[in-house]
Amino acid sequence: MQTPSLLITGATGTIGLELTTLLQQKGYSFRVMVRSLEKAEVWKSVPSVEVVIGDFDEPESLEKALTGIDRAFLLTNSSAKAEEQQLAFVAAAQQTGLKQLVKLSQFAAEVHSPVRFLRYHAIVEKAIQDAGISYTFLRPNLFMQGLLGFKDVIQTKGMFFASAGDAPVSVIDIRDIARVAFHCLTEDGHAGKIYPLTGPQALTHTAMAAELSRAVGKEIRYVDVEPEVMHQALLEVGFPEWQAAGLIEDYAHYSRGEASLVTPTVAEVTGQSASPFSRFANDYRAVFGK
């Protein structure tokens with residue numbers, strides 16, 4: 075097998091799996107970094123994929139995973155250590171002479187943001203710039219697939235809840251994020267770019283509920299709740315405190331109307347328009363309508 079020049083981290087997650095599928099379909103060889111061989115079953119018999127064991131908490135393993143790599147995709151699990159882990163990856167990338175780093179960031183990332191997740195992404199972005207590594211920052215808005223976390227209550231009670239008020243949010247399909255990442259990793263011309271990624275329209279959560287209702291053929295309601303209620307509910311279903319508090323900050327950001335901007339970036343990068351929420355609702359109707 076030809077030695078891969080692409081490294082994909084976060085490859086076993088939803089965006090990573092979409093991205094690696096695109097790379098396979100287009101005939102690219104690439105390397106995936108996983109924490110254990112059990113995580114790599116999906117690529118076990120794929121000759122174009124090289125699997126390396128790596129841990130974001132072990133700098134030596136990061137340098138090994140990056141050796142010989144020209145371009146890498148940086149995505150870590152959501153955890154309390156995400157900033158620290160991504161900074162370790164940046165240091166390893168600088169040490170190994172990585173030519174380009176495509177980082178999955180977040181819409182409106184800013185070092186002085188009141189939202190902790192937006193701050194940490196901005197801090198990592200700055201570290202990449204300071205390291206002198208050629209970069210592309212992908213800043214997607216709220217994922218449409220985030221609603222899959224409500225599938226059980228939607229199935230049983232025909233509702234979902236959040237503290238977003240009636241502010242519109244330009245939600246994006248993760249499949250579009252993967253398509254943009256694919257182009258940034260396989261084409262020239264994306265170095266030094268910051269790409270805010272959104273869907274083709276900004277929708278209130280009530281409008282999303284209406285689209286889901288049409289897709290599954292039953293009423294699905296959005297229930298707006300106070301942030302304190304959402305916070306407690308997140309804790310009760312198992313979210314750790316740091317993540318629950320961070321999500322409340324995220325939703326305060328949405329409720330202030332700070333995530334309603336619609337950008338043409340997906341179409342500009344990929345040549346295809348971003349997917350509307352109605353397509354997501356129809357594609358996942360079996361999940362929501364059981």
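Residue numbering for the sequence shown follows my numbering, starting at 75 and increasing by one per position.
Glycine is no exception: its CB is placed at the ideal position from the N, C-alpha and C atoms.
- At a Cβ-Cβ threshold of 8 Å, V106 and I89 do not count as neighbours.
- For A183, the three-state secondary structure derived from DSSP is coil.
- In this structure I294 does not touch G239 by the C-beta definition: roughly 18 Å separates them, more than the 8 Å allowed.
- Membership of S208 in the beta strand (DSSP E) is indicated by the continuous run S208 to P214.
- The beta carbon of G101 lies closer than 8 Å to those of S122 in the same chain, with the five residues before and after it left out.
- Beta-carbon to beta-carbon, V176 and T150 are separated by about 14 Å, too far to satisfy the 8 Å threshold.
- Taking C-alpha positions only, V243 is separated from S79 by approximately 37 Å.
- DSSP, reduced to helix, strand and coil, places E124 within a strand of the structure shown.
- Our two residues, R330 and K138, have alpha carbons roughly 44 Å apart in a direct line.
- Counted as a single uninterrupted DSSP element, the alpha helix (DSSP H) harbouring F191 occupies residues R190 to D204.
- R295 carries a strand assignment under DSSP once its states are collapsed to helix, strand and coil.
- Judged by their CB atoms, P188 and E323 are nearer to each other than the 8 Å cut-off.
- Approximately 5 Å separates the beta-carbon atoms of L192 and A183; this is inside 8 Å, confirming the contact.
- Collapsing the DSSP output to three states places L172 in coil.
- C-alpha of I197 to C-alpha of G291: approximately 44 Å in a straight line.
- It is roughly 13 Å from the alpha-carbon of T94 to the alpha-carbon of D250.
- Rounded to whole angstroms, the Cβ separation of P270 and F181 is 6 Å, and the two are in contact under 8 Å.
- For V343, the closest of A307, A281, H279 and L212 by C-alpha to C-alpha distance is L212.
- In the pairwise beta carbon analysis, the stretch 255-270 is classified as touching the stretch 159-179: at least three pairs are separated by under 8 Å.
- For R359, the enclosing alpha helix (DSSP H) has its first and last residue at R359 to F362.
- The Cβ-Cβ distance between F163 and L277 does not fall below 8 Å.
- If you draw a 10 Å sphere on the C-beta of V340, you find 16 or more other C-beta atoms in it, and that means buried.
- Comparing alpha-carbon positions, the option among A156, Q159, L161 and I207 lying closest to G171 turns out to be I207.
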